[in-house]
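The structure appears below as structure tokens.
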């Protein structure tokens, strides 16, 4: 017994072509036996390993340290060969990743002398030592076997008969072995070399990205080396048998590195599986050998070695830790790109060093084994004889029947088939009796199988050497015969397989239509008869063919030798067989000549070759039939057709003419059919147009009634012109038309970009000419530039945003440029098929700007703009501004610190030091004409005497479509601006004060001021080099720039410290500029990176940036189409009559065991109001209940529910509304009517004026949908969505109103117990109150009742737009866009939000400047300058007029307010032709009466009450309403429009409740119900006290403010909204006198159109916070007043 460790060697190869192409670096270093590997990215990460041998083969053979093939063999191969001669089993295996050089180390290149591997060198050395033996008593024999393990299946590489997979079996004495594996005896090295070459050609190899000849299987080359020594004295012969296993493993690989797909990927998986098992075996053996002191019990549990997990480890079990001397060669790749694989190989080899093998000398193994086997045979025979089955053994031997077929019942596998059952029955009596005897004999089957297996092994062991040689020769002959039958010959030496032209034997070669496949098959014509026929013929055919026209016995070739010694071949076709010779069909025997063309059937073409005859004919005259042109398949076919009298050219021309005639006829028919369809469609369109004209006749000019001419004053005309300009600014429809009309071009450009693999994405974008985002001149059409003076609103255009993902750039194209570029894209797309990819890339790289997809982009890009106002130069005081750098999208990119101060002309510049860059004094002239032209072009003229700037009057696209959503920019500015009559005196006072006191700004003087750019901070690191430039807003050509600074995004702010002195000759325009206009600062940077979203993720994502992640809001769906109602055309809606806020409760009730319908549990864990998930049980009957709650009034009366439909079942929140839904179901209405509210739904609001509750129920059978989503338990994490639409009939309405809601559901099994509180946080006080109380979902809606449009009045009949939405049209390649769609209406809404944000940012910067200036003035001005302070700083902060207002001013204010109210009403009548207004005061409680009285008192006492009121803008024209009108009551309810005076009187007399008997005159309205999207932003939430009108007590309620709605809950734990307040139509009021009279501090009032509500906060701070949440402008006004009051008290 000899215990030795596994010898481990590592070898590194040179770079291959792939690694050289990637410019790889070497990471392997070798010093002695130490191998070191370095991490390519971390230089300090170095790992070292020690092995028995470390071979450096990375360099050329000239290197001193280079390890050649011979050196590797001498170190490893010679040692292992010596152990083999000593009698040990030997194993050498190579391991490594694919392409690492394993096969080169083991096999090498046999045709190159110095590059042979270990296996050839060992075999050659073996026979050399055998030949050098001089001892006559020694004799040697060598047997070889060669197999491969491919996909865990064993194949024999030396025996062609073993085509299938061989079985691996295990014998208790021999261990694992391969059944029926051929072992061939060899006598010389040449024999081994031939067998090795034959096996290598049969081995499975394939090309991968890492290795062109990658071994796809494990190859095992076994040499059984037997040494016999004859002892003459004892006449005994002893033997030593050594098994030499030489293993070439397949390489481990990664699928992404090798690019494996399909079969290659499956092969790689099996390779990695076997190598992983090999690694587990090595690790287990290493751990077992390295842990001698472990616990025995634990060691026993861990000593299991997983040999059987892989065929490879099973067969190599003895070589791994068994009876063998083993060596391992680990092949390494030196490249850094293979670092992970190389490190894994080194660790693999390091583990293998710890394995110890217990090798023994195999002395006389045959004798010992034969003896043991014979004992086992006798034991098995005795066992069978003892059971009385001895005759079965005799039967088996006599009939040579495989005993394994006797296992009829147990169906044992892997046995050889028996010839027949009749032979067995004839020998043994009967099958039944034999079977019964085996079945009733326990253990007999196993004994018979073991007996057969043992006898087979004995027969192999007793086989003599001569028999083995004969068997080897027979196998070789069978292999040659098999190849000859396939038409493939071998050389006489039995070497290379291929097609060789014989020199004597006549033969046939195939001709094929593909020249590369011609003459690849060769068939010998043997002496005598050679039969040709089908492979499945009853009689054996020498040449087997297939095809429809091949007979079973097609023809025969007879080869005979004549008297002169010449061989003649005669072709004799069988009866009915199609056989052609030189194009002629033959039916009789025909003598063949060399070169004849033979066609068998229709598709088999051969050329007959007779080498001897050809040589003889070459000596004589060439045969007349021998063609001069090459004899190939085309020649044979053409010859066949010519002999049959077929002219192919004429046939082709005739066929072509027929096809042309057929094409001409079909084209004419198609044109006629198309023309007929066009005429039909035109007639249908004309008929439809006539029908439309009849239904909607246009009002002719002759029939129009003459309008009564109204005499307007100058003020009224200005108001009308301003209204006209404002309405002209709405571009919603025109922008939508552009988006719809150009969507097809955008889609086609994206499709071409994807197909041409251009990393460019196109999407619509809206650009508006604002201060932060001025439009480039080339984006405005010529007519827009000319009409700019007439345009009084910012122009918005539709452009195309081009995201260049290749260069990380973003460009903007006009629509015209998109169409021009699209033409070039189409040309490039058409050329792409003709130009190869490489040529296209080279051409693209060569062109600069020639690709239509790309634009050139500048090195520096705009980071953002900032504005600094110069008002401090009026006084003058120095100011240091910190302004925000805002991008064109409204994102704050950083901050800029700028100092502005006035200096004297002769002031010397101080010495700032080396870090400050100071420029000279720049002289700039302000010309009045140029400045006035700039103002006329860029600023809005608006109302000429109000001084409202462009930003205050900016029109946002789409605004006014839903005026109730929130306060517009006009509302915000009007609430703080004041009226014309109040503002103009202030402005005159400011102008007078300026002219009298500002001596340094006299006209004609030279004024010098200094602008210092100090620092820039918080700019992202993606902008590398930063510089800043600034200019006056109307002088873009004169800019002052700083030096670029490196930006890292970290550390202190970037210090520009750029000082610029500017001298200006004071003009009127300059003074006006520093009063109103800012200086523009533009920050630029070099952009380094810009990540883009993929094409398919683009569009529907909102562009709004958010600071925190808001909950996902379910999209609002369109109504589900009704199934019972007839589709009605929606009439044209006119002016809005009234609007009501609806709160709708949705419930789904399920049938309980008690027979009652109980509301299903609702999960409110989303945290958003009006949201919830219904938790339903599968298979129960359900009902849908809907409750509508709204303020009582005579306008909204519900008559009936026409239909309730549900549909659009889906498992995503978004629904594809373009697809027809087959699962729409109309529910059966069970009940509908007005109901009384539940106790929890009754609120303090219902004590004096109860709200209206209307409820209806419908039965819902979900199985009727036939949808899998509803008929199964919902999987975890999935939700089911459904859209519900109710068609409600209302009083005095022309058509039903549609109420739509998206329902979210989850289905559980029928027996699941669902609790109402399914959230952990609900246990701590934030969950539902009770199950029945919170089991519903709320929806907030707005119902609008509009008049029918008066078709006869001018301006009311709007043009019906027929703009085609081209986004649904198909373009080529659209399927590659993966769901991408061009943006449309949502883009306009998002752009509106961006513009509002830019406007707010500008207002914030302006306000910051004014506050900073006021603070500076207050700290620097002397006490004697109080008048100047009152006249200037108050106005600069845009505060109201001071308290020093006499009684006359108050009276004039009231008169002005009254006059403005009349003007507003008159203007509205002019716009709508039917609008009158009334102001109805709702005073329904004693508390409200007190409030009214206190309001009157407060108005009389307080001269500045207009500063305490928040103005509620009109929904029709918000900017017409002024900010200072006063009425006798603080609560100014929202006016209600009506048609005539009689209607007003009737409605005024009618009670408030809708159940009144007095019905107004019948009027028809157009109803519209829109769901309100809940805002995710919570302005404030908490508890407030509400005053109950009847009891005068306070009720505590939990309130959440999500503008513009206030949601009221019973408590913080309540999940269902109990009431809502719409702040957009309500008025918030606050009065200190009111609090003093009521003796209730911290109160404020909210007045809606229907009621007034008094609220009380916990303390003063809470009250101001609530006021800020309800109305920020009112809160700001109050705080400003309080701060001024405190400042005055401190001065006093």
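Residue numbers (the numbering used here): 204 to 1895. Each residue gets a CB set at the ideal place from its N, CA and C atoms; glycine is no exception.
What three-state label does DSSP hand residue 270 in the structure shown? coil
Can you check which of these residues, 1213, 823, 753, 221, is closest to residue 802 by C-alpha distance? 753
Rounded to a whole number of angstroms, what is the C-alpha to C-alpha distance between residue 1384 and residue 1514? 14 angstroms
By DSSP, does residue 836 sit in helix, in strand, or in coil? helix
Can you grab the Cα-Cα spacing for the pair residue 1005 / residue 1801, in whole Å? 49 angstroms
Residue 1387 and residue 1351 closer than 7 angstroms at C-beta: yes
Would the segment 539 to 558 and the segment 225 to 239 be scored as touching if the rule is three or more Cβ pairs under 8 angstroms? yes
Could you tell me the distance, in whole angstroms, from the CA atom of residue 1066 to the CA atom of residue 1098? 11 angstroms
Rounded to whole angstroms, what's the CA-CA distance from residue 1204 to residue 1210? Just pull it up for me. 7 angstroms
Between which residues of its own chain and residue 1247 is the CB-CB distance below 6 angstroms, once the five residues before and five after are set aside? 1228, 1230
Figure out for me which residue from 756, 674, 1202, 813 has the closest Cα to the Cα of residue 727. 813
Check whether residue 1284 and residue 1798 have beta carbons under 7 angstroms apart: no
Once the 5 residues before and after residue 1847 are set aside, which same chain residues still bring their CB inside 7 angstroms of it? 1831, 1832, 1833, 1858, 1866, 1870
How would you label residue 1206, buried or exposed, when you count the other beta carbons within 10 angstroms and need 16 or more for buried? exposed
Helix, strand or coil for residue 1014 per DSSP? strand
Tell me the DSSP secondary structure of residue 1397 in three-state form. coil
What does residue 1232 pair with, by DSSP beta-bridge criteria? 1244, 1285
Residue 1487 vs residue 1767 beta-carbon contact at 7 angstroms: no
Starting from the Cα of residue 1214, find the closest Cα among 1237, 1259, 1224 and give me that residue. 1259
Indicate the three-state DSSP secondary structure (helix, strand or coil) for residue 533 in the structure shown. strand
Proximity below 7 angstroms, CB of residue 287 to CB of residue 441: no
Name the residue from 1063, 836, 1771 whose alpha carbon lies nearest to the alpha carbon of residue 1338. 1771
Count the CB pairs spanning the segment 921 to 941 and the segment 1232 to 1248 that are closer than 8 angstroms, and state whether there are at least three. no
What separation, rounded to the nearest whole angstrom, lies between the Cα atoms of residue 963 and residue 1461? 52 angstroms
How many Å lie between residue 795 and residue 669 at the Cα? 46 angstroms
What distance in whole Å lies between the Cβ atoms of residue 450 and residue 519, which are believed to be in contact at a cut-off of 8 angstroms? 7 angstroms
Three CB pairs or more closer than 8 angstroms across the segment 293 to 301 and the segment 271 to 278: no
C-alpha distance - residue 748 paired with residue 785, whole-angstrom precision: 20 angstroms
Determine the extent of the beta strand (DSSP E) in which residue 810 is found, giving its start and end residues. 807 to 812
Own chain partners of residue 578 with C-beta closer than 7 angstroms, once the 5 adjacent residues on each side are dropped: none
Between which two residues does the beta strand (DSSP E) holding residue 1840 run? Segment 1835 to 1841 is the alpha helix (DSSP H) holding residue 1840; no beta strand (DSSP E) there.
Sheet register partners of residue 176 (DSSP bridge): The structure shown does not extend to residue 176, since the chain is modelled only from 204 to 1895, so the question has no answer here.
Just tell me which of 486, 526, 476, 521 has its CA closest to the CA of residue 512. 476
Does DSSP put residue 222 in a helix, in a strand, or in coil? helix
Going by DSSP in three states, residue 1576 sits in which element: helix, strand or coil? coil
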